[in-house]
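Asker: Those sequence lines, one after another, are chains A and B.
Under the numbering used here, think of the first position of the first sequence as 1, with each following residue one higher.
Under the numbering used here, think of the first position of the second sequence as 255, with each following residue one higher.
Pasting a structure below so you can have a look.
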Amino acid sequence: MRELLPEEQERYARQIGPGVLSSEGQVRLKRAAALVARTGGMGGPAAMVLVMAGVGRVIIAHGGRLISPDLNRQTLGSEEGVGLPRADAFAQRLRSLNRFVTVETIDHEPDDAEAEALARRVDVILSCAPSFAERLRLNRAALAAGVPLIDAAQWGMCGSLVVVRPRQTACLRCLYPQQPEFEELFPVVGGISSAVGSLAGLEAIKILSRTGQPMYGQLWSIDGYHGRTSIVNLRRDPRCPCCGDASPAGDAPS
Amino acid sequence: MNVRVIITGRGYLPAEGLPASLSLADGATLDDALRTLAQHLPAGEAPGGTCLVAVSGTHLGTVGDHPPHVLREGDELLLVAPMAGG
Chain A
1 MRELLPEEQE RYARQIGPGV LSSEGQVRLK RAAALVARTG GMGGPAAMVL
51 VMAGVGRVII AHGGRLISPD LNRQTLGSEE GVGLPRADAF AQRLRSLNRF
101 VTVETIDHEP DDAEAEALAR RVDVILSCAP SFAERLRLNR AALAAGVPLI
151 DAAQWGMCGS LVVVRPRQTA CLRCLYPQQP EFEELFPVVG GISSAVGSLA
201 GLEAIKILSR TGQPMYGQLW SIDGYHGRTS IVNLRRDPRC PCCGDASPAG
251 DAPS
Chain B
255 MNVRVIITGR GYLPAEGLPA SLSLADGATL DDALRTLAQH LPAGEAPGGT
305 CLVAVSGTHL GTVGDHPPHV LREGDELLLV APMAGG
């Protein structure tokens with residue numbers, strides 16, 4: 001097991017100790033890899049949390065170029081970055097946060113084959129994607145590779161987290177047997193994006209470092225508009241075409 | 255009996271005028287509650303079929319696909335309309 005450098009021990013001093021990570025947990029983070037699919041309003045803060053915490057390799061996937069309307073929520077963006085490819089600009093910002101971490105970029109939305117190949121290179125997937133098609137693709141990839149999936153979603157001032165332990169707890173397809181119709185552009189305030197993204201990052205840190213109690217099999221609904229939260233124990237669907245008892249190969253792409 | 259209702263996700267705004275709880279007959283089912291709820295919402299704003307349904311913290315399925323379920327006094331009905339990332 002790779003040990004922490006003295007500079008790393010100094011960097012992470014505030015998160016190693018009782019109630020946070022053990023020294024072994026911090027080393028596990030260093031050895032771990034995470035995929036953050038879309039690093040916008042939610043995925044950006046999630047990736048920042050992972051990088052700052054010392055996850056050894058963080059792969060970010062985000063296509064396109066930064067535009068002005070992104071800046072109400074995309075914390076990795078900047079005025080200077082408008083017009084630049086998001087993946088490169090965001091990776092530069094992430095690298096500036098922690099020299100002990102490797103940040104890799106994917107400058108497009110991975111297709112099914114690439115998503116599954118990426119899933120096999122990481123220890124956890126954070127899905128912060130804006131479409132159900134992409135979220136369900138990441139769900140399939142996580143199940144195929146057997147790695148945990150953390151799905152973060154938002155609308156307006158509300159958000160939700162779902163944490164999936166492959167084939168042990170409900171997957172995203174168990175929740176959505178029919179793919180919901182969803183608008184491409186929807187209202188959202190950056191405060192909820194950052195909150196949900198940061199919590200997604202925290203779940204990943206818990207899983208990777210084996211600290212605390214990951215919210216496997218639960219949905220955490222955070223209603224910022226009304227100031228209330230709810231936790232739901234999710235039901236795994238034995239008929240699920242993706243993780244059900246009769247679907248060893250997973251479901252077909254949507 | 256009374257059942258507390260929370261609608262969150264994409265549908266929270268049309269639900270602004272909802273009463274905090276629904277008054278239902280004893281022995282009412284989840285489907286009874288969903289029908290009553292629809293009557294309280296603006297036309298065309300009833301929760302869609304893919305909206306997640308949970309009762310008192312337990313996930314039952316979606317509005318369009320869930321098993322029969324008898325409600326109890328004090329239950330909390332949570333509807334989570336679809337959300338996405340970005």
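Just so it is clear, CB atoms sit at the ideal spot from N, CA and C, and this is done for glycine as well.
Could you give the residue range of the beta strand (DSSP E) that holds Leu149 (chain A)?
Answerer: From DSSP, the beta strand (DSSP E) with Leu149 (chain A) extends over Leu149 to Trp155.
Asker: Taking 7 Å as the cut-off, does the CB of Arg228 (chain A) come closer than this to any heavy atom belonging to the ligand FMN?
Answerer: The ligand FMN is absent from the structure shown, which contains no ligands of any kind.
Asker: Any C-beta of chain B within less than 9 Å: which residues of the stretch 128-144 of chain A qualify?
Answerer: Flagged, chain order: Cys128, Ala129, Pro130, Ser131, Phe132, Glu134 and Arg135.
Asker: Report the neighbours of Thr283 (chain B) on chain A: residues whose CB is nearer than 8 Å to its CB, in chain order.
Answerer: Neighbours of Thr283 (chain B) on chain A: none; closest Cβ ~18 Å, over 8 Å.
Asker: Do you know how far the Cα of Ser198 (chain A) is from the Cα of Val124 (chain A)?
Answerer: Those two C-alpha atoms are separated by around 15 Å.
Asker: Whose Cβ in chain B lies nearer than 7 Å to the Cβ of Ala153 (chain A)?
Answerer: Going along chain B in sequence order, the residues near Ala153 (chain A) (Cβ under 7 Å) are Met337, Ala338 and Gly339.
Asker: Any beta carbon of chain B sitting closer than 8 Å to that of Cys171 (chain A)?
Answerer: No - not a single Cβ of chain B is within 8 Å of the one on Cys171 (chain A).
Asker: Using a Cβ cut-off of 9 Å, which residues of the stretch 305-325 of chain B contact any Cβ in chain A, in chain order?
Answerer: Correct list: Cys305, Leu306, Ala308, Gly311, Thr312, His313, Leu314, Gly315, Thr316, Gly318 and Asp319.
Asker: Under three-state DSSP, which class holds Asp88 (chain A)?
Answerer: Asp88 (chain A): helix per DSSP, three-state reduction.
Asker: So for Asp286 (chain B), helix, strand or coil by DSSP?
Answerer: Helix at Asp286 (chain B).
Asker: What in chain B is Cβ-close to Asn233 (chain A), meaning under 9 Å?
Answerer: Residues of chain B passing the Cβ test: Ala308, Gly311, Thr312 and His313.
Asker: Identify the residues that DSSP records as bridge partners of His313 (chain B): which are they?
Answerer: Per DSSP, B:Ala308.
Asker: Look at the alpha carbon of Met215 (chain A) and the alpha carbon of Asp151 (chain A), and state the distance between them as a whole number of angstroms.
Answerer: So the alpha carbons of these two residues sit roughly 11 Å apart.
Asker: For Ser277 (chain B), count the other beta carbons within 10 Å of its own beta carbon; 16 or more makes it buried, fewer makes it exposed. Which is it?
Answerer: Label assigned to Ser277 (chain B): exposed.
Asker: Under 8 Å by Cβ, that's how I've got Ile192 (chain A) and Gln218 (chain A) pegged, so tell me the actual separation to the nearest angstrom.
Answerer: Actually they are not in contact, since the Cβ atoms of Ile192 (chain A) and Gln218 (chain A) sit about 19 Å apart, beyond 8 Å.
Asker: Determine the extent of the beta strand (DSSP E) in which Ile59 (chain A) is found, giving its start and end residues.
Answerer: Its beta strand (DSSP E) spans residues Arg57 to Ala61.
Asker: What is the DSSP secondary structure of Ala274 (chain B), reduced to helix, strand or coil?
Answerer: Correct three-state label for Ala274 (chain B): coil.
Asker: Counting only beta-carbon atoms, is Gln213 (chain A) nearer than 8 Å to chain B?
Answerer: Closer than 8 Å: no.
Asker: Got a sec: is the Cβ-Cβ distance from Pro166 (chain A) to anything in chain B below 8 Å?
Answerer: Taking Cβ atoms only, chain B never reaches closer than 8 Å to Pro166 (chain A), which makes this a no.
Asker: So Ala67 (chain A) and Glu104 (chain A) are in contact, right, with Cβ under 8 Å, and what is the actual spacing, rounded?
Answerer: One point to set straight first is that residue 67 (chain A) is Ile, not Ala, in the sequence displayed. Not quite, the Cβ-Cβ distance comes to about 24 Å (not below 8 Å), so this is no contact.
Asker: Measuring only between beta-carbons, confirm whether Leu332 (chain B) sits less than 8 Å from chain A.
Answerer: Yes, its Cβ sits closer than 8 Å to a Cβ of chain A.
Asker: Starting from Asn139 (chain A) and walking both ways along the alpha helix (DSSP H), at which residues does that stretch end?
Answerer: Asn139 (chain A) -> alpha helix (DSSP H) spans Phe132 to Ala145.
Asker: Residues of chain A with a CB under 9 Å from the CB of Arg258 (chain B): which are they?
Answerer: None at all; the shortest Cβ gap to chain A is about 11 Å.
Asker: Who are the near neighbours of Val189 (chain A) in its chain, counting only those whose CB is closer than 8 Å to its CB and skipping five residues on each side?
Answerer: Once the five neighbours on either side are set aside, the close Cβ partners of Val189 (chain A) are Asn72, Arg73, Gly156, Met157 and Gly224.
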